[in-house]
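Below is one structure, written out as structure tokens; comments come after it.
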Amino acid sequence: MKPILALVLSLMAVPTLALDSIGTVTARLEGADLSWQVLTTDDGAAMVQVNNIGPLTMVDTHAMGDGDVYIGLIFQGEPAIDVTPVGITIDISPEGAAGPVWKSESATVTPKLSIEMLSLDGAGRMEAGFEAMLCRSDPPATCETVIGRIETDLGLP
Numbered sequence: 004m005k006p007i008l009a010l011v012l013s014l015m016a017v018p019t020l021a022l023d024s025i026g027t028v029t030a031r032l033e034g035a036d037l038s039w040q041v042l043t044t045d046d047g048a049a050m051v052q053v054n055n056i057g058p059l060t061m062v063d064t065h066a067m068g069d070g071d072v073y074i075g076l077i078f079q080g081e082p083a084i085d086v087t088p089v090g091i092t093i094d095i096s097p098e099g100a101a102g103p104v105w106k107s108e109s110a111t112v113t114p115k116l117s118i119e120m121l122s123l124d125g126a127g128r129m130e131a132g133f134e135a136m137l138c139r140s141d142p143p144a145t146c147e148t149v150i151g152r153i154e155t156d157l158g159l160p
């Protein structure tokens, strides 16, 4: 009985992190309107990351809600409103880890991104629309055009 009491007391002592939404991703897939939240914790960790690696800048956005969504953007040099990404990856899992993944990399059409706002000042912010052909991971022959939107802070320090 004492080990169980010790376990309960130790779990009670673990601090919890508050999750706050810093943005949304929305899309329409298989006739359903889907919505996800881009989250951050009170310690500053965010589900969106901006990384500079040599001449490339990568913006990776993960969000949760109606399953999971991932949007990865690769820019040659500094991202800007008038700079087209050289790489765009979109993965949507409407049922989360238990279901199929709809992927842009399986499609024959390259995703398009229309950036309306992109700022790396302060916390940073991105507002953009996207259109992509996504194909299910099971079977790959099932593909659908998805139109969506990203409106999020970038969680920059």
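For the sequence shown, this note's numbering assigns the number 4 to the initial residue and increments by one for each residue that follows.
We treat Cβ as the ideally placed atom computed from N, Cα and C, and that holds for glycine.
Treat the numbers as computed from the prediction; the structure is a model and nothing was measured.
### Message
I'd like to check one pair, Gly90 with Ser96: are the Cβ atoms closer than 8 Å?
### Response
Taking the sequence shown and counting its residues from 1, one reaches residue 96 at position 93. Taking the sequence shown and counting its residues from 1, one reaches residue 90 at position 87. Pairing Ser96 with Gly90 gives a Cβ-Cβ distance that is not under 8 Å.
### Range of the contiguous beta strand (DSSP E) that encloses Asp85
The residue labelled residue 85 in the question sits at position 82 within the sequence shown. Run containing Asp85: none; DSSP gives neither H nor E here.
### Task
Decide if Pro114 is buried, meaning its Cβ has at least 16 other Cβ atoms within 10 Å, or exposed.
For the purposes of this step, residue 114 is taken as residue 111 along the sequence shown, with counting starting at 1. Burial call: buried.
### Message
My output table needs one value for Ile35: the three-state DSSP class, helix, strand or coil.
### Response
Against the sequence shown, residue 35 aligns to sequence position 32. Looking at the sequence provided, one finds Ala at residue 35 rather than Ile. Assignment of Ala35 by DSSP, reduced to helix, strand and coil, places it in the strand class.
### Task
Assign Pro82 to one of two classes, buried (16 or more other C-beta atoms within 10 Å of its C-beta) or exposed (fewer than that).
For this step, residue 82 is matched to residue 79 along the sequence shown. Buried is the label assigned to Pro82, since at least 16 other Cβ atoms lie within 10 Å of its Cβ.
### Query
Using a beta-carbon distance below 8 Å, is Leu37 in contact with chain D?
Absence of chain D from the displayed structure is noted, only one protein chain being present.
### Query
Quick one, which of Leu42, Gly125, Ile118 has its alpha-carbon nearest Glu72's?
As a position in the sequence shown, residue 72 is number 69, starting the count at 1. The residue asked about is misnamed: residue 72 is Val in this sequence, not Glu. Taking the Cα of Val72 as reference, the smallest distance to any Cα among Leu42, Gly125, Ile118 is reached at Leu42.
### Message
Less than 8 Å between the beta carbons of Leu159 and Leu123, yes or no?
### Response
Walking along the sequence shown from the start, residue 159 turns up at place 156. Walking along the sequence shown from the start, residue 123 turns up at place 120. Yes, these two residues count as a Cβ contact at 8 Å.
### Query
What does Ser122 pair with, by DSSP beta-bridge criteria?
Here the question's residue 122 lines up with position 119 in the sequence shown. Ser122 is bridged to Arg128.
### Query
How big is the Cα-Cα spacing for Ser117 and Thr64?
Along the sequence shown, read from residue 1 onward, the residue named residue 117 stands at position 114. Along the sequence shown, read from residue 1 onward, the residue named residue 64 stands at position 61. When rounded, the separation of the alpha-carbon atoms in Ser117 and Thr64 is 16 Å.
### Message
Would Arg154 and Thr44 be called neighbours here (beta carbons separated by less than 8 Å)?
### Response
On the sequence shown, position 151 is the one that residue 154 refers to. On the sequence shown, position 41 is the one that residue 44 refers to. The amino acid at residue 154 is misidentified as Arg; the sequence shows Glu. No, the Cβ-Cβ distance between Glu154 and Thr44 is not below 8 Å.
#### Entry: DSSP three-state assignment for Gly2, whether helix, strand or coil
Coverage of the chain is limited to positions 4 through 160, which leaves residue 2 absent and any answer about it impossible.
#### Entry: Short Cβ contact (8 Å threshold) for Ala110 with Leu137
Residue 110 sits at position 107 when you count from the first residue of the sequence shown. Residue 137 sits at position 134 when you count from the first residue of the sequence shown. Closer than 8 Å, so yes.
### Message
Let me confirm a value: Val112 is counted as buried when at least 16 other C-beta atoms fall within 10 Å, else exposed. Which label applies?
### Response
Along the sequence shown, read from residue 1 onward, the residue named residue 112 stands at position 109. Taking all protein chains in view, the Cβ of Val112 is surrounded by fewer than 16 other Cβ atoms within 10 Å, so the residue is classified as exposed.
### Query
Taking the alpha-carbon positions, what's the Ala21 to Ala49 distance?
In the sequence shown, counting from the first residue as 1, residue 21 sits at position 18. In the sequence shown, counting from the first residue as 1, residue 49 sits at position 46. Near 12 Å, if we compare the C-alpha coordinates of Ala49 and Ala21.
### Task
Could you check the C-alpha separation between Gly70 and Leu59 for me, to the nearest Å?
As a working mapping, residue 70 is identified with position 67 in the sequence shown. As a working mapping, residue 59 is identified with position 56 in the sequence shown. If you draw a straight line from the Cα of Gly70 to the Cα of Leu59, it comes to about 29 Å.
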